[in-house]
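A quick write-up on the structure given underneath.
In our numbering, the protein residues as written are 593 to 885.
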């Protein structure tokens with residue numbers, strides 16, 4: 593009997609369990625909401641049901657899947673090791689922390705990694721709530737050279753590349769491209785956010801907008817022209833989806849997301865249709881997509 597692997601995933605906001613063969617191809621998937629087991633390889637029916645037994649409630653309906661879309665076909669041939677969908681927020685940082693020795697003489701590197709993990713986990717949990725509004729979310733997308741895109745959103749309003757900053761209850765001051773939290777050294781966070789979006793656009797061959805998610809800030813102050821805090825200088829008269837954009841010298845606008853503001857994205861749209869969202873998501877969740885950037 594073949595030993596099958598069960599991997600969780602989401603499709604159009606619904607939770608699925610994918611059952612794959614040792615070599616990678618999917619044999620079936622189980623939709624928990626409908627109770628339907630869709631068999632791709634009927635000859636593995638017994639093995640599939642045995643693998644899913646711990647997750648089933650009652651007698652599921654078992655049968656062939658509906659005619660797959662191109663995005664579903666791509667997913668069925670995706671090896672689990674190349675699938676980025678199961679990545680947790682901060683997935684890469686968990687591995688990085690394991691390699692940083694605890695030292696009272698050099699605490700800064702580990703504290704910086706812990707701060708970054710805190711920010712990615714907090715913001716990632718909020719971003720995951722957008723799944724119910726037609727968005728697809730990926731976390732910790734690996735880039736060549738050891739870098740990562742913290743979060744990638746694909747939804748009705750387009751594709752967003754999200755970089756995170758943990759403010760630790762300090763005031764954040766922004767003077768494009770520099771961002772400083774409290775008395776910390778200013779860093780070109782907006783430039784880094786733009787660069788990550790550019791790499792994502794190259795990989796996906798579509799427009800990607802940069803976002804900076806600021807977690808745990810006591811206050812956010814910006815000196816950028818044409819935008820500011822909501823209701824502050826530069827925000828008057830702006831559309832809701834533009835009120836937090838920063839632009840300077842013709843640079844690409846970077847959207848700011850602060851605590852509690854993720855929900856505003858759910859109401860945006862007009863860029864991608866559902867079929868386009870699924871197609872881009874199928875491409876983005878494949879690790880091999882990112883090897884060329």
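Glycine included, C-beta positions come from ideal geometry on N, C-alpha and C.
Check, Outcome
"Going by DSSP, name the residue or residues bridged to residue 621.", "610, 630"
"When DSSP labels each residue in this structure, what does residue 724 get in the three-state scheme?", "helix"
"For the alpha helix (DSSP H) holding residue 873, just list the boundary residues, first then last.", "866-876"
"When DSSP labels each residue in this structure, what does residue 849 get in the three-state scheme?", "strand"
"For the structure I just gave you, are there three or more beta carbon pairs, one from the segment 608-623 and one from the segment 666-683, closer than 8 Å?", "yes"
"I'd like to know whether the C-beta atoms of residue 710 and residue 758 end up nearer to each other than 7 Å.", "yes"
"Please identify the residue among 713, 630, 637 whose C-alpha is closest to the C-alpha of residue 664.", "630"
"Report the CB separation of residue 741 from residue 728 in whole angstroms; it is logged as a contact under 8 Å.", "About 14 Å separates the two Cβ atoms, so there is no contact after all."
"If you drop the 5 nearest sequence neighbours on each side, which residues of the same chain put their C-beta closer than 6 Å to that of residue 715?", "756, 805, 807"
"Excluding sequence positions up to five away, which residues of its chain have a Cβ less than 6 Å from the Cβ of residue 888?", "The question about residue 888 has no answer, for the chain in this structure spans 593 to 885."
"Give the straight-line distance between the Cα atoms of residue 611 and residue 643, rounded to the nearest whole angstrom.", "8 Å"
"Since residue 730 and residue 677 are thought to touch, with beta carbons under 8 Å apart, how far apart are those beta carbons, to the nearest angstrom?", "7 Å"
"For residue 732, which beta-bridge partners are listed by DSSP?", "According to DSSP, residue 732 bridges with nothing at all."
"I'd like the ranges of any beta strand (DSSP E) spanning at least 3 consecutive residues and lying wholly in the segment 777-811.", "800-807"
"Quick check on this structure: which residue in 735, 776, 718 has the alpha carbon closest to the alpha carbon of residue 880?", "735"
"Taking 8 Å as the limit between beta carbons, can you name the residues of its chain near residue 770, skipping five residues before and five after?", "778, 779, 780, 781, 782"
"Taking residue 770 as part of the beta strand (DSSP E), name the residues at either end of that continuous run.", "770-773"
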